[in-house]
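**Student:** There's a structure below that I have some questions on.
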Ligand code: GLY
């Protein structure tokens with residue numbers, strides 16, 4: 573009850589402009605409008621996080637303690653009943669919320685956001701030694717990576733280098749890839765998911781900082797092998813490729829979160845677009861740029877790409893147009909397109925216009941009402957539809973890439989550069 577009253581007061585103050593010290597007033601541009609909105613929503617998120625921590629069920633606490641998962645850290649999603657799902661640091665999504673806080677610090681230069689970003693980043697340190705997952709980049713590069721970029725804090729650098737060393741232990745040289753999951757061992761021998769392309773950014777960073785090219789070679793090998801085995805002739809990609817780690821042979825081409833093994837799961841296509849664009853930035857290998865361009869063409873020529881460019885959760889979902897959307901895929905695509913627009917001069921205008929249109933539509937039709945949805949920014953993301961998990965709900969990585977895309981648009985329009 574107290575929480576609700578505080579929220580109402582906050583919203584009232586917001587509309588009266590009384591939060592002027594930390595919350596600039598709307599000035600009309602889509603960038604300012606959204607980042608003002610984001611500052612208000614994330615302030616609400618802090619209260620919601622406190623509430624969810626204090627009200628964790630005894631069963632959930634017991635399970636966490638029994639499994640040695642440590643404290644609850646950051647938000648992942650809103651559940652269909654409206655409650656906030658907080659995750660321990662081991663969850664693949666734990667780094668996105670601190671990443672958003674770092675982006676707000678970058679935009680506002682306000683120490684309030686820096687302190688909050690530091691607090692929510694520091695909760696994740698133990699992950700630097702967690703070799704049981706490939707999600708190191710998502711967790712550590714979005715949090716510590718942005719933190720290091722903005723503060724040059726040496727402690728962050730050490731944590732990131734250790735994280736890269738831990739991730740590198742999952743490299744399988746015969747197959748030339750980094751193993752993704754350890755679960756489902758009855759189903760797969762060595763599964764690699766397209767999402768893993770996103771974790772390579774941490775390895776490229778680690779080579780530059782440590783001058784140890786091992787990380788670079790692992791990243792390039794993973795990207796090349798993925799290019800060879802994950803893509804179909806129409807340039808869509810599979811979700812899961814299973815490898816034999818002794819012969820390096822492909823054993824299976826499957827899905828886990830998509831509609832079927834042969835379908836095009838939307839977020840997977842988005843990870844591919846972002847991943848190969850980033851790999852081109854880091855290597856300048858033309859084949860990576862070509863791959864990113866191929867994915868872009870697949871996406872935007874697809875008859876099931878909706879007019880507003882916010883994809884359904886899978887391009888082959890059977891009941892389109894009566895299928896849930898995935899705003900998170902749209903946000904990842906927008907952010908990637910701003911970067912791709914820098915590398916392919918013939919298509920710069922097209923990529924930029926498409927990214928702009930995605931941001932406009934997310935703002936117009938997919939944004940939360942202020943004060944609602946546990947402080948999330950975007951509605952209508954889909955996590956894992958086949959298991960009926962996180963269907964048509966707010967999810968943290970949609971918000972992270974939405975803010976990232978807005979900052980990229982801002983920088984691009986002001987300076988013509990991103991990095
Ligand atoms: N990396 C997991 C997902 O995209 O859902």
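In the numbering used here, the protein residues as written are 573 to 991. Backbone N, C-alpha and C fix where the C-beta goes; we use that ideal spot for every residue, glycine too. Note that the coordinates shown come from a computational prediction; the quantities given were computed from them, not determined experimentally.
Look up residue 598 in the DSSP assignment and say whether it is helix, strand or coil.
**Tutor:** As a first step, residue 598 is located in the chain shown; it is residue number 26 there, counting from the start. Confidence at residue 598 is low in this model, with a pLDDT of 39, below 50, so the placement of that residue should be treated as unreliable; the coordinate-derived value is given next. Reduced to three states, the DSSP call for residue 598 is coil.
**Student:** Is it buried or exposed for residue 773, if we count other Cβ within 10 angstroms and need 16 for buried?
**Tutor:** For the purposes of this step, residue 773 is identified with residue 201 of the chain shown, where counting begins at 1. Label assigned to residue 773: buried.
**Student:** What are the start and end residues of each continuous beta strand (DSSP E) run of 3 or more residues lying completely inside the segment 905–958, in chain order?
**Tutor:** none
**Student:** Count the other CB atoms within 10 Å of the CB of residue 941; is the residue buried (16 or more) or exposed (fewer)?
**Tutor:** If you number the chain shown from 1, residue 941 lands on position 369. By the 10 Å Cβ count, residue 941 comes out exposed.
**Student:** Identify whether residue 710 lies in helix, strand or coil by the three-state DSSP scheme.
**Tutor:** The residue given as residue 710 occupies position 138 in the chain shown. In this structure, residue 710 counts as helix in the three-state DSSP scheme.
**Student:** Quick check: residue 886 and residue 831, are their CB atoms within less than 7 Å of each other?
**Tutor:** Within the chain shown, numbered from 1, the residue matching residue 886 stands at position 314. Within the chain shown, numbered from 1, the residue matching residue 831 stands at position 259. Going by C-beta atoms, residue 886 is nearer than 7 Å to residue 831.
**Student:** I'd like the span of the alpha helix (DSSP H) that includes residue 729, first residue to last.
**Tutor:** Looking up residue 729 in the chain shown gives position 157. Segment 726–740, the alpha helix (DSSP H) holding residue 729.
**Student:** Along the chain, which unbroken stretches of the alpha helix (DSSP H) at least 4 residues long are found entirely within the segment 626–706?
**Tutor:** 630–638, 668–680, 683–694
**Student:** Residues around the ligand GLY, please: the ones whose beta-carbon is closer than 6 Å to some heavy atom of it, in chain order.
**Tutor:** 664, 767, 829, 839, 955
**Student:** Tell me where the beta strand (DSSP E) around residue 814 begins and ends.
**Tutor:** In the chain shown, counting from the first residue as 1, residue 814 sits at position 242. Segment 812–815, the beta strand (DSSP E) holding residue 814.
**Student:** For the beta strand (DSSP E) that residue 821 lies in, which residues bound it at each end?
**Tutor:** Taking the chain shown and counting its residues from 1, one reaches residue 821 at position 249. Per DSSP, residue 821 is not a residue of any beta strand (DSSP E), being assigned neither H nor E.
**Student:** In this structure, what does DSSP give as the bridge partners for residue 744?
**Tutor:** For this step, residue 744 is matched to residue 172 along the chain shown. 749.
**Student:** Could you pull out every unbroken beta strand (DSSP E) segment of at least 3 residues lying fully inside the segment 880–908, listed in chain order?
**Tutor:** none
**Student:** Could you check if residue 965 is buried or exposed, using at least 16 other CB atoms within 10 Å of its CB as the buried criterion?
**Tutor:** Taking the first residue of the chain shown as 1, we reach residue 965 at position 393. That one is buried.
**Student:** Just grab the DSSP bridge partners of residue 803 for me.
**Tutor:** The count along the chain shown starts at 1 and reaches residue 803 at position 231. For residue 803, which the question treats as bridged, DSSP gives the partners 809.
**Student:** Of the residues 857, 793, 759, 983, which one's Cα is nearest the Cα of residue 812?
**Tutor:** Counted from its first residue, the chain shown places residue 812 at position 240. Of the listed residues, the one whose Cα sits closest to residue 812 is 759.
**Student:** With three or more C-beta pairs closer than 8 Å as the rule, is the segment 604–614 touching the segment 668–683?
**Tutor:** Because the criterion of three Cβ pairs below 8 Å is met, the segment 668–683 and the segment 604–614 touch.
**Student:** Bridge partners of residue 763, per DSSP?
**Tutor:** The residue given as residue 763 occupies position 191 in the chain shown. DSSP output for residue 763 lists 814 as bridge partner(s).
**Student:** Quick one: Cα of residue 597 to Cα of residue 606, how far?
**Tutor:** Within the chain shown, residue 597 is the residue found at index 25, counting from 1. Within the chain shown, residue 606 is the residue found at index 34, counting from 1. With a pLDDT of only 42 at residue 597, under 50, the local geometry of the prediction cannot be trusted, and no value is derived from it.
**Student:** How many angstroms separate the CA atom of residue 779 from the CA atom of residue 698?
**Tutor:** Residue 779 sits at position 207 when you count from the first residue of the chain shown. Residue 698 sits at position 126 when you count from the first residue of the chain shown. Here the alpha carbons of residue 698 and residue 779 stand approximately 22 Å from one another.
**Student:** Drop a sphere of 10 angstroms on the beta-carbon of residue 841, count the other beta-carbons inside from all chains shown, and report buried for 16 or more, exposed for fewer.
**Tutor:** For the purposes of this step, residue 841 is taken as the residue at position 269 of the chain shown. Label assigned to residue 841: buried.
**Student:** Can you tell me whether residue 897 is buried or exposed, with buried defined as 16 or more other CB within 10 angstroms of its CB?
**Tutor:** Counted from its first residue, the chain shown places residue 897 at position 325. That one is buried.
**Student:** For the candidate residues 685, 620, 847, whose alpha-carbon lies nearest to that of residue 946?
**Tutor:** The residue labelled residue 946 in the question sits at position 374 within the chain shown. That would be 620, whose Cα lies nearest to the Cα of residue 946.
**Student:** Within 10 angstroms of the Cβ of residue 991, are there 16 or more other Cβ atoms? Answer buried if so, exposed if not.
**Tutor:** The sequence position of residue 991 within the chain shown is 419, counting from 1. With fewer than 16 other Cβ atoms within 10 Å, it is exposed.
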